[in-house]
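Reading through the structure tokens given below for one structure.
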Amino acid sequence: MAEEIKNKLIQLFLFIAFSVNPLIAQPDNRFDPFDWEMYSQPGRINSISEDNTYFYFGTENAGILRFNKFSEQFDIPITRAQGLIQSQSNMFTLMNTQEFCGLLGISL
């Protein structure tokens with residue numbers, strides 16, 4: 005009897021732990037990732053990539069700078085304000101664009 009109660013409590017704990025955590029980790033949909041903009045000195049440019057619309061410059065200190073080919077102007081950079089996770093060295097060693105998918109792959 006005590007073993008059954010113990011198993012039920014463990015099951016209840018695991019259910020609560022695994023069902024509540026994904027709800028807390030969801031992004032806040034009230035805000036667009038580009039509502040906030042962060043600018044800093046870029047430092048060195050470590051990598052350059054290109055897709056149909058942008059040139060991407062992976063920098064040492066300022067995240068990823070985007071240069072629009074058509075307007076010939078820099079667009080809002082991709083930084084920690086947009087959810088970019090940077091390593092302690094803040095250096096992007098490789099960027100790759102998927103032309104048909106519209107994805108930018110980033111390696112730290």
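Using the working numbering, you'd call the opening residue of the sequence shown number 5 and step up by one each time. Yeah, the Cβ is synthetic: ideal placement off N, Cα and C, and Gly gets one too.
L69, buried or exposed, once every other Cβ within 10 Å from all chains shown has been counted against 16
Numbered from 1 along the sequence shown, position 65 holds the residue referred to as residue 69. Buried.
Expressed to the nearest angstrom, what Euclidean distance is found between the alpha-carbon atoms of L13 and A6?
Within the sequence shown, residue 13 is the residue found at index 9, counting from 1. Within the sequence shown, residue 6 is the residue found at index 2, counting from 1. It is roughly 11 Å from the alpha-carbon of L13 to the alpha-carbon of A6.
Leaving out five residues on either side along the sequence, give the residues of the same chain with a beta carbon under 8 Å from the beta carbon of F78.
The residue labelled residue 78 in the question sits at position 74 within the sequence shown. If we look at F78 and ignore the five residues flanking it on each side, its Cβ neighbours are L69, R70, F71 and N72.
For the candidate residues L16, F22, S23 and N65, whose alpha-carbon lies nearest to that of I82?
In the sequence shown, counting from the first residue as 1, residue 82 sits at position 78. For I82, the closest of L16, F22, S23 and N65 by C-alpha to C-alpha distance is N65.
On the DSSP letters alone, give me the boundaries of the beta strand (DSSP E) that G62 sits inside.
Here residue 62 refers to the residue found at position 58 when the sequence shown is read from its first residue. DSSP places G62 inside the beta strand (DSSP E), whose first and last residues are Y58 to T63.
On the criterion of 16 or more Cβ atoms from any shown chain inside 10 Å, does G47 qualify as buried, or is it exposed?
For the purposes of this step, residue 47 is taken as the residue at position 43 of the sequence shown. So G47 ends up on the exposed side.
Got a sec? Which residues, its chain only, sit under 6 Å from M42 by beta carbon, not counting five neighbours each side?
Counted from its first residue, the sequence shown places residue 42 at position 38. Cβ within range, chain order: T83 and A85.
With F38 as the anchor, note down where its beta strand (DSSP E) starts and where it stops.
Within the sequence shown, residue 38 is the residue found at index 34, counting from 1. It is not in any beta strand (DSSP E) - F38 carries neither H nor E in the DSSP assignment.
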